[in-house]
Amino acid sequence: MPIVDSAIYRRGVRESHHVTLDQTFEDLHEHGGFAWIGLYRPTEAELTAVAEEFELHHLAIANATTGHQRPKLQRFDETLFVVLRPARYLEETEQVEFGEVHLFIGPNFAITIRHAESPDLAQVRRRLEADPELLALGPQAVLYAVLDEVVDGYNPVVDGMEDDIDEIEDELFSGDPDVARRIYELAREAMGFQRATHPLVRIFRSLEAGYDKYQVDIELRRDMRDVLDHVLRIVERADTFRALLENALTVHSTLVTQAQNEEMRQLSHASIEQGDQVKKISSWAAILFTPGLVAGIYGMNFTHMPELSWILGYPMAMGMMLLSAGLLYLVFKRHNWL
44 MPIVDSAIYR RGVRESHHVT LDQTFEDLHE HGGFAWIGLY RPTEAELTAV
94 AEEFELHHLA IANATTGHQR PKLQRFDETL FVVLRPARYL EETEQVEFGE
144 VHLFIGPNFA ITIRHAESPD LAQVRRRLEA DPELLALGPQ AVLYAVLDEV
194 VDGYNPVVDG MEDDIDEIED ELFSGDPDVA RRIYELAREA MGFQRATHPL
244 VRIFRSLEAG YDKYQVDIEL RRDMRDVLDH VLRIVERADT FRALLENALT
294 VHSTLVTQAQ NEEMRQLSHA SIEQGDQVKK ISSWAAILFT PGLVAGIYGM
344 NFTHMPELSW ILGYPMAMGM MLLSAGLLYL VFKRHNWL
């Protein structure tokens, strides 16, 4: 059901639970307190009903309806509209999954709209209900608790990404052909994580700017400051992940280039050796060709060959064969073909 939970709180205690929004609105008007309405992927009609009851700005409602928003904080008079991007690490696939949570925080209402399975806002509600002193601070306490839950949810993501990056560093020198794809996927997740966490710093700074004007309790300010410190550490680690992955990609490219150069060197060496062998074979073929030509001519048994009856004919033919072979040998040797 789109309506996950709807209740009225007075003095930090849950006074009533309602099945419909109309019951919640009626109770709030008659008895006061503040309403906390939790919605999961609400319909446009339900959002319109909430907007009309609490006079929510139409631009904020349009954003909450369409979803796919970047983390941000917008103030419309006394109403805050906050968009958060929670994340969780999936151990089975070693991937980071991002969700989306919208909050409307007003003087007497807190509306949480969840567009994904995480985070578990029911757990946030139970934790706040177990602390009446904190819940008595009103809707601002709900905002703090949701922010704290989202930021705490980043810890397993950071740990999981850190383990993945350690594995990548080990695989860089193993020659695994899939390591480049894994680096790219991790880099994309790191960018998504940065987009989810970096705007939180601006959100907290904007909240701090309104503490005095909206009379935020001093203890709640301290709690917010603690969450901000946590955010700053996470943002710093997220930036470190991005730098490490960029360096890993550079190292991988260098290793691939070195491997290609080594392969080209080996191919060139083999080509040179093959060329040397061809030159040697060609040289010996040329050396043997000339004596073979002379021998072939005199082996044709022509009738009219005057030198056949010449007493020096045979020595002359042999000399020509040896001389030609010797000259060719010297020429090829001089040019380092032999």
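Heads up, the sequence shown is in the working numbering, so the first residue is 44 and it goes up one at a time.
From the three backbone atoms N, C-alpha and C, an ideal C-beta is built for every residue, glycine too.
Given a cut-off of 8 angstroms on the beta-carbon distance, is the pair residue i and residue j in contact?
{"i": "A281", "j": "Q317", "result": "no"}
{"i": "F375", "j": "L366", "result": "no"}
{"i": "P45", "j": "T86", "result": "yes"}
{"i": "V274", "j": "L243", "result": "yes"}
{"i": "W79", "j": "A107", "result": "no"}
{"i": "V125", "j": "I246", "result": "yes"}
{"i": "A329", "j": "L373", "result": "no"}
{"i": "P199", "j": "S161", "result": "no"}
{"i": "E143", "j": "Q112", "result": "yes"}
{"i": "L171", "j": "A188", "result": "yes"}
{"i": "L292", "j": "A252", "result": "no"}
{"i": "M363", "j": "V337", "result": "yes"}
{"i": "T122", "j": "L99", "result": "yes"}
If you compare alpha carbons, which of the options is closest to residue i?
{"i": "D48", "options": "G149, M307, G81, V259", "result": "G81"}
{"i": "E232", "options": "I208, H60, V244", "result": "I208"}
{"i": "N151", "options": "F77, L127, A313", "result": "F77"}
{"i": "L71", "options": "K115, Y372, E96", "result": "E96"}
{"i": "H241", "options": "G369, H74, L116", "result": "L116"}
{"i": "R377", "options": "L336, K322, M363", "result": "K322"}
{"i": "R84", "options": "S325, R157, L123", "result": "R157"}
{"i": "S326", "options": "A368, L336, M307", "result": "A368"}
{"i": "E289", "options": "D219, I211, T155", "result": "I211"}
{"i": "V201", "options": "L99, Y132, H312, A313", "result": "Y132"}
{"i": "I277", "options": "E205, Y257, A94, D266", "result": "E205"}
{"i": "A88", "options": "E69, G75, D65", "result": "D65"}
{"i": "L186", "options": "E228, D266, D219", "result": "D266"}
{"i": "G203", "options": "G339, E134, A184", "result": "E134"}
{"i": "V93", "options": "D120, T155, R118, H60", "result": "T155"}
CB-CB under 6 angstroms to residue i, same chain, minus the five flanking residues each way: which ones, in chain order?
{"i": "A223", "result": "H295"}
{"i": "L250", "result": "none"}
{"i": "F68", "result": "E96"}
{"i": "T300", "result": "none"}
{"i": "L190", "result": "V270"}
Who are the near neighbours of residue i in its chain, counting only those whose CB is closer than 8 angstroms to its CB and skipping five residues on each side?
{"i": "P175", "result": "R54, G55, V56"}
{"i": "Y254", "result": "R264"}
{"i": "G75", "result": "R53, N151"}
{"i": "E184", "result": "Strictly speaking, residue 184 in this sequence is Ala, with Glu absent from that position. Cβ neighbours of A184 beyond the five flanking positions: L171, L177, L178, L263."}
Excluding five sequence neighbours on each side, which residues of the same chain lie with their C-beta closer than 7 angstroms to the C-beta of residue i?
{"i": "P334", "result": "M364, S367, A368"}
{"i": "M361", "result": "none"}
{"i": "G110", "result": "E143, H158"}
{"i": "P358", "result": "none"}
{"i": "P114", "result": "V126, L127, R128, A239, P242, L243, I246"}
How about the segment 53–65 and the segment 163–180: do they share at least three Cβ pairs that are nearer than 8 angstroms? yes
Do the segment 124–140 and the segment 167–177 make contact, defined as three or more Cβ pairs closer than 8 angstroms? no
To test your reading of the DSSP string, which unbroken alpha helix (DSSP H) runs of 4 or more residues are found completely within the segment 82–128? 87–97, 101–109
Does the structure place the segment 143–151 close enough to the segment 103–121 that three or more beta carbon pairs sit under 8 angstroms? yes
Do the segment 188–201 and the segment 269–283 make contact, defined as three or more Cβ pairs closer than 8 angstroms? yes
Touch check for the segment 233–253 and the segment 274–293: three-plus C-beta pairs under 8 angstroms? yes
Whole beta strand (DSSP E) elements within the segment 128–202, 3-residue minimum: 130–133, 138–141, 144–149, 152–157
Completely contained alpha helix (DSSP H) runs for the segment 230–291, where each covers 4 or more residues: none
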